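Step one of this worksheet: look at the structure below.
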Amino acid sequence: MTEKPTLYVCHGDDGGPKMHPCRRVQEAFRERGIDYDKVIAAHGSPIPLFRKASREDLRQATGDTKLPVLKLPDGTTVTHSKAILEWAGSA
Numbered sequence: 154m155t156e157k158p159t160l161y162v163c164h165g166d167d168g169g170p171k172m173h174p175c176r177r178v179q180e181a182f183r184e185r186g187i188d189y190d191k192v193i194a195a196h197g198s199p200i201p202l203f204r205k206a207s208r209e210d211l212r213q214a215t216g217d218t219k220l221p222v223l224k225l226p227d228g229t230t231v232t233h234s235k236a237i238l239e240w241a242g243s244a
């Protein structure tokens, strides 16, 4: 059995606006039947000055501080929603 990919999203998660990248990626995964683990990796504003906490844990886990990020079982990461959606289309 293969491990599931891990999707790192912001606190907006599935309840954000329809066009929010974290929501769009999760909706695409559900539509395609892609099983994944989810980590809510950030709270507050995407603008560093207004964030509630550091994203250093996210950087250590994925190598990036922008969300969403998909970490594949082999450790490879896919960043930015467009690239994640492309991955989902080929999965």
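Just so you know, we're using the numbering used here here: the sequence shown kicks off at 154 and counts up by one. Beta carbons are placed, not taken as given, at the ideal position from N, Cα and C, and that holds for glycine. Being a predicted model, the structure only gives us computed values, none of them experimental.
What are the start and end residues of the beta strand (DSSP E) that includes residue i?
i	result
ASP210	That residue, ASP210, is in no beta strand (DSSP E); its alpha helix (DSSP H) goes 209–215.
Where do the ends of the alpha helix (DSSP H) carrying residue i lie?
i	result
VAL244	Contrary to the premise, residue 244 reads as Ala rather than Val in this sequence. Premise fails: ALA244 is in no alpha helix (DSSP H) and is neither H nor E.
PRO226	Counting along the chain, PRO226 falls outside any alpha helix (DSSP H), and DSSP gives it neither H nor E.
PRO170	Premise fails: PRO170 is in no alpha helix (DSSP H) and is neither H nor E.
Would residue i and residue j be called neighbours here (beta carbons separated by less than 8 Å)?
i	j	result
THR215	VAL222	yes
VAL162	LEU220	yes
ASP190	THR232	no
Residue i by DSSP, collapsed to three states: which one?
i	result
LEU220	coil
Can you check DSSP and say which residues form a bridge with residue i?
i	result
LYS191	LEU160
VAL231	LEU223
Taking the beta carbon of residue i as the centre, do at least 16 other beta carbons fall within 10 Å, making it buried, or is it exposed?
i	result
ARG176	buried
LYS224	buried
GLN179	buried
ALA194	buried
GLY242	exposed
ALA234	The sequence as given places Ser at residue 234; Ala does not occur at that position. With 16 or more Cβ atoms within 10 Å of its Cβ, SER234 is classed as buried.
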